[in-house]
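These notes concern the structure reproduced below.
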Amino acid sequence: MDPTSFISSMMSRSLPSGERGYVAMMFDSCNLFASWDPRNVIELGDYGKLNDDDQFTREGNIFEDGLAQALGITLRQSADAGVMFIKSHTLSEKQDGRSKTPGIPDDFDGLKKCFKVSGSRGALLAMVKPEIHRLSSIQQLSYLLYNEPTWKDRVVVTESYICPSFARLCVSKQERPFNLGLYSSESTDSAFAKDDLEWRTTANVGEGEFLQQGFTKDSQTRNYPLFRLVGRRDFLQSGPYTRLKRHSSSRRKFSPSPERRISSPPPQLPPSILDSIESPPVTPLPNSIHPSLEVTQEDIAAQASIADRDTSSPQPDIERVHSAPSPGPSTVDEDANTQNPPLSQKHRSKSKLGLNIVFDTTTNLVTRLAESVRSRTFSDAASPRSPRP
Numbered sequence: 030m031d032p033t034s035f036i037s038s039m040m041s042r043s044l045p046s047g048e049r050g051y052v053a054m055m056f057d058s059c060n061l062f063a064s065w066d067p068r069n070v071i072e073l074g075d076y077g078k079l080n081d082d083d084q085f086t087r088e089g090n091i092f093e094d095g096l097a098q099a100l101g102i103t104l105r106q107s108a109d110a111g112v113m114f115i116k117s118h119t120l121s122e123k124q125d126g127r128s129k130t131p132g133i134p135d136d137f138d139g140l141k142k143c144f145k146v147s148g149s150r151g152a153l154l155a156m157v158k159p160e161i162h163r164l165s166s167i168q169q170l171s172y173l174l175y176n177e178p179t180w181k182d183r184v185v186v187t188e189s190y191i192c193p194s195f196a197r198l199c200v201s202k203q204e205r206p207f208n209l210g211l212y213s214s215e216s217t218d219s220a221f222a223k224d225d226l227e228w229r230t231t232a233n234v235g236e237g238e239f240l241q242q243g244f245t246k247d248s249q250t251r252n253y254p255l256f257r258l259v260g261r262r263d264f265l266q267s268g269p270y271t272r273l274k275r276h277s278s279s280r281r282k283f284s285p286s287p288e289r290r291i292s293s294p295p296p297q298l299p300p301s302i303l304d305s306i307e308s309p310p311v312t313p314l315p316n317s318i319h320p321s322l323e324v325t326q327e328d329i330a331a332q333a334s335i336a337d338r339d340t341s342s343p344q345p346d347i348e349r350v351h352s353a354p355s356p357g358p359s360t361v362d363e364d365a366n367t368q369n370p371p372l373s374q375k376h377r378s379k380s381k382l383g384l385n386i387v388f389d390t391t392t393n394l395v396t397r398l399a400e401s402v403r404s405r406t407f408s409d410a411a412s413p414r415s416p417r418p
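See below:
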């Protein structure tokens with residue numbers, strides 16, 4: 030996606046200019062969605078839609094719905110013990126002794142950074158002890174996004190950053206370099222207490238600009254300042270999301286849009302500060318089908334019997350089905366349907382994979398995903414279908 034077009038579209042929205050500029054510049058820098066309100070809970074696997082203001086509206090979670098297990102998607106987790114700074118391209122880091130934050134002793138240099146704004150405006154995000162959660166096998170999401178009509182305009186959270194403390198800053202061009210650091214109200218050399226810490230900056234924050242910070246007082250509260258959204262590359266025109274390519278049947282390696290990586294490693298926190306800031310416990314996401322969506326052996330057997338009756342003639346090439354109309358509708362014996370009913374009595378339709386499917390509830394979607402992954406991979410190409418008489 031062209032970052033310039035996205036920044037232009039964001040600037041024309043009705044949101045405050047500082048918020049629009051912050052989201053656009055951060056996305057241009059790291060290809061991630063910088064949340065306007067990091068206190069809003071955004072979990073890995075959440076899916077939903079982007080509204081006209083490019084705000085993400087959650088509709089569900091692929092782990093809770095059983096879709097992740099059906100597609101073979103799991104959770105990967107890592108952590109960082111320091112302070113992570115993510116800056117826009119218009120900010121450059123400076124080494125300047127005048128950037129020392131008042132009240133912070135010299136041995137706490139790792140808690141502050143000095144920056145200079147090279148453009149008309151700059152954006153900055155700092156996170157303390159961020160936990161990074163990612164989805165495995167992201168390419169499997171292409172089945173949902175490209176094969177399910179109700180998913181064509183949805184986006185999925187495939188990466189999230191969770192931290193106990195954050196600071197986000199958006200300022201215009203400054204006359205001199207400025208610093209952002211973690212500040213203690215006690216101007217002493219003693220170890221900091223968690224309750225008297227706050228983020229401060231020496232930048233001049235004018236109208237339409239901001240410095241927002243968050244610091245959790247207990248281990249149960251977390252902040253979600255940054256996450257990645259993935260969606261269809263040919264449907265959503267613009268927005269702070271990564272476009273996912275359709276998974277090809279030619280066994281080519283999946284290659285999502287290029288990601289910009291953070292150039293410099295984050296500094297490490299001093300031991301005294303590490304002890305005073307508690308990382309919240311991580312609650313593992315469920316990796317099994319929801320109890321209310323369990324698929325019984327009878328359901329799978331009934332669905333398999335329908336698929337078996339449809340395999341009397343060779344199956345078409347999967348890739349060709351997407352670009353060419355089907356040679357003709359398939360026929361299923363009505364008496365056989367009476368003896369072996371499908372998952373429900375709803376109407377039955379022909380899927381793009383050549384299977385008879387039943388559109389009813391999320392359970393049917395989970396069943397179809399599981400059957401498709403087990404019986405035929407996305408890259409397998411079947412022989413051409415014989416023409417019907």
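The C-terminal residue of the sequence shown carries number 418 in the working numbering, and the numbering is unbroken. In this text, a Cβ means the ideal position worked out from N, Cα and C, and glycines have one as well.
Query - 6 Å CB neighbourhood of R197 in its chain, flanking five on each side removed - result: L154 and Q241
Query raised in the report: Helix, strand or coil for S58 per DSSP?
Result: helix
Requested in this report: Rounded to whole angstroms, what's the CA-CA distance from R272 to S213? Just pull it up for me.
Outcome: 42 Å
Query raised in the report: How many Å lie between W228 and G210 at the Cα?
Result: 6 Å
**Report entry** Coil, strand or helix - L104 by DSSP
**Finding:** strand
Report task. Output yes or no for whether 8 Å exceeds the beta carbon distance between R261 and Y172. Result -> no
Report task. Quick one: measure Cβ to Cβ for V200 and E238, integer angstroms, because I've assumed they're closer than 8 Å. Result -> 5 Å
Query raised in the report: With DSSP run on the structure shown, which of helix, strand or coil describes V200?
Result: strand
Query raised in the report: Does the pairing of the stretch 107 to 115 with the stretch 69 to 78 give three or more beta-carbon distances under 8 Å?
Result: no
Query - Length of the line joining the Cα atoms of K141 and L100 - result: 43 Å
Report task. Assess, as a yes-or-no matter, whether the stretch 61 to 74 is touched by the stretch 249 to 256 under the definition of 3 or more beta carbon pairs within less than 8 Å. Result -> yes
Query - beta strand (DSSP E) runs wholly inside the stretch 141 to 206, at least 3 long, in chain order - result: 141 to 146, 150 to 157, 160 to 164, 184 to 192 and 194 to 201
Query raised in the report: Expressed to the nearest angstrom, what Euclidean distance is found between the alpha-carbon atoms of I302 and F144?
Result: Bear in mind that the predicted position of I302 carries a pLDDT of just 44, short of 50, making it unreliable; the figure below should be weighed with that in mind. Going from the Cα of I302 to the Cα of F144 covers about 23 Å.
Query raised in the report: Would you report the Cα separation of G74 and S165, rounded to the nearest angstrom?
Result: 11 Å
Query - 8 Å Cβ cutoff met for R397 and G243 - result: no
Report task. Express the C-alpha separation of T230 and H276 in angstroms, rounding to a whole number. Result -> 46 Å
Requested in this report: Look at the Cβ atom of I149, then the Cβ atom of K202, and state whether they are nearer than 8 Å.
Outcome: As written in the sequence, residue 149 is Ser, which differs from the Ile given in the question. Yes, Cβ-Cβ distance for S149 and K202 is below 8 Å.
Query raised in the report: Which residue from P178, L394, C192 and D182 puts its Cα closest to that of H162?
Result: C192
**Report entry** Extent of the continuous beta strand (DSSP E) to which V259 belongs
**Finding:** N252 to R261
Report task. Take Q169 and list the residues in its own chain whose beta-carbon comes closer than 7 Å to its own, dropping the five residues that flank it on each side. Result -> L100, G101 and I102
Query - Contact set for I71: own chain, Cβ-Cβ below 8 Å, skip 5 residues either direction - result: S64, F85, R87, V186, S189, Y253 and F256
Query raised in the report: Taking buried to mean at least 16 other C-beta atoms within 10 Å of its own C-beta, is S194 buried or exposed?
Result: buried
**Report entry** Coarse secondary structure for A53, derived from DSSP in three states
**Finding:** helix
Query raised in the report: Given a threshold of 16 other Cβ atoms within 10 Å of its Cβ, counted over all protein chains shown, does P269 qualify as buried or as exposed?
Result: buried
**Report entry** Minimum C-alpha distance to K123 - residue among G111, D182, P206 and D66
**Finding:** P206
Query raised in the report: Anyone know if the C-beta pair for G95 and V395 falls short of 8 Å?
Result: yes
Query raised in the report: Buried or exposed: T250, going by 16 or more other Cβ atoms within 10 Å of its Cβ?
Result: exposed
Query raised in the report: Cα separation between H118 and N208?
Result: 17 Å
Query raised in the report: DSSP three-state call for V395: helix, strand or coil?
Result: helix
**Report entry** Beta-ladder partner(s) of G235, from DSSP
**Finding:** DSSP, once it has assigned bridges, lists no residue as partnering G235.
Requested in this report: Using 10 angstroms around the beta-carbon of P159, count the other beta-carbons present and answer buried if the total reaches 16, otherwise exposed.
Outcome: buried
Requested in this report: Can you give me the start and stop residues for the beta strand (DSSP E) that N90 sits inside?
Outcome: F85 to N90
**Report entry** Residue burial classification, A179 (beta-carbon count within 10 angstroms, cutoff 16)
**Finding:** Looking at the sequence provided, one finds Thr at residue 179 rather than Ala. Counting Cβ neighbours within 10 Å, T179 comes out exposed, since fewer than 16 surround it.
Report task. Going by DSSP, name the residue or residues bridged to D75. Result -> N90
Requested in this report: Starting from E122, follow its DSSP beta bridges and name the residues at the other end.
Outcome: F144
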